[in-house]
Amino acid sequence: MTDQSATPNPAPGWYPDPAGSGGQRYWDGAAWTQQVVPPAAPPAATTPPAPAAPPAPAAAPTPPPAAPAPAPAYPAQQAPAYPGQQAPGFPAAPAYGGGVPYEPVGPRKIGFGEAVSRAFSRWTNYSDRATVAEYWWFALFMVIVVVAVYIVAAVLTAATSTSTTSASGAITVTSIGAGGVIGLILLGVTYLVAFLVGLPLSVRRLHDGDRSGWWILLGFVPFGSLVLLVFYILPGTAGPNRFGPVVS
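Heads up, the sequence shown is in my numbering, so the first residue is 1 and it goes up one at a time.
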């Protein structure tokens, strides 16, 4: 006889593990199986978003600054007048008109001694320029030297010369003596110095007028010396030329 009061078995499914593993074991409707699964993880708690900060209150408008109070007006004052005195005045501002016209710088003026010194110190210079003053001061110096040497030579010749007359008195022979020889040597040295120093000086004088030094060959042509004389008298170019700047 069957027991009608027995409890029916639960339906197949996953149930808490009766072995206490903390997981779930499968019940097949008649007995527990070996299929065990870990317990499902609880859903993570979602942090609710922070409430938005309330908007800052609008700043109150700044009131416009108050207008400054007008300064008190005072009556015009005048300096007390004293007898015999006048109010001090101020000089008028200078008028600015046209400036002084530009004038090109000319050659520096040199004297007699400096001109002679420059001529001797540049006796090998055939490339620069020489001013009118430099040329003619040296020319004057050479005239003085030549005249002085002539006088010395004449005195020496007269002091040492002798005259010899033939027996018949028809022929008279004059010997200049040692003094005359010395005088001739002095004249020769003077002319040599004048040539060595005067030639480059003449070339530089031509350069000052922007002329080639080869113009000096006009001295070998009839009346060419007159043309050179004019060139030596004319002033040079006001500014730099192809032979260099203005003589300074």
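Don't be surprised by glycine CBs; every beta carbon is placed ideally from N, CA and C.
Remember, it's a predicted structure, so these values are computed and weren't measured experimentally.
Residue i: first and last residue of the uninterrupted beta strand (DSSP E) it sits in
i, result
"Arg25", "Gln24 to Trp27"
"Tyr126", "Premise fails: Tyr126 is in no beta strand (DSSP E) and is neither H nor E."
"Trp14", "Gly13 to Pro16"
Close Cβ partners of residue i (< 7 Å) along its chain, the five nearest in sequence each way excluded
i, result
"Ala115", "Ala133, Glu134, Trp137 and Phe138"
"Val146", "Thr190"
"Asn9", "Gly29 and Ala30"
"Ala178", "Thr160"
Residue range of the alpha helix (DSSP H) that includes residue i
i, result
"Thr33", "Run containing Thr33: none in the alpha helix (DSSP H); it sits in the beta strand (DSSP E), Trp32 to Val37."
"Tyr232", "Gly224 to Ile233"
"Gly113", "Phe112 to Ser121"
Candidates the options, of which the one nearest residue i by Cα
i, options, result
"Asp17", "Ala11, Trp32, Asp28 and Asn9", "Trp32"
"Thr124", "Met142, Phe195, Leu187 and Leu186", "Phe195"
"Pro200", "Gly111, Trp27, Ala178 and Ala119", "Ala119"
"Pro12", "Gly20, Leu186 and Gln24", "Gln24"
"Val37", "Ala30, Trp14 and Ser161", "Trp14"
"Val155", "Phe112, Leu186 and Val246", "Leu186"
"Pro203", "Ser127, Ile233, Phe112 and Lys109", "Correcting the residue type first, residue 203 is Val in the shown sequence and not Pro. Comparing Cα-Cα distances from Val203 to each of Ser127, Ile233, Phe112 and Lys109, the minimum goes to Ser127."
"Gly236", "Leu229, Arg211, Val221 and Gly177", "Arg211"
"Arg205", "Ser248, Arg108 and Leu234", "Leu234"
"Arg122", "Val149, Leu228, Leu229 and Val193", "Val193"
Residues of its chain near residue i, where Cβ-Cβ distance is below 6 Å and the 5 sequence neighbours each way are ignored
i, result
"Gln35", "Tyr26"
"Phe141", "Val116"
Anticipated Cβ contact below 8 Å, residue i with residue j, distance rounded
i, j, result
"Gly224", "Leu218", "3 Å"
"Gly180", "Thr160", "6 Å"
"Gly188", "Ala153", "Wrong, their Cβ atoms sit about 10 Å apart, outside the cutoff."
"Phe243", "Arg129", "6 Å"
"Thr157", "Ile144", "Their Cβ separation, rounded to whole angstroms, is 21 Å, which puts Thr157 and Ile144 out of contact at 8 Å."
"Val246", "Gly239", "6 Å"
Residue-level contact to chain C via CB, residue i, 9 Å cutoff
i, result
"Gly188", "Among the chains in the structure shown there is no chain C, since it carries only a single protein chain."
Own chain residues within Cβ distance below 8 Å of residue i, not counting five before or after
i, result
"Ile110", "Arg118, Thr131, Ala133, Glu134 and Trp137"
"Gly22", "Pro38 and Pro39"
| message | Report the start-end ranges of each beta strand (DSSP E) in the region 135-194 that is 3 residues or longer and not cut off at the edges. | response | 162-165 and 172-175
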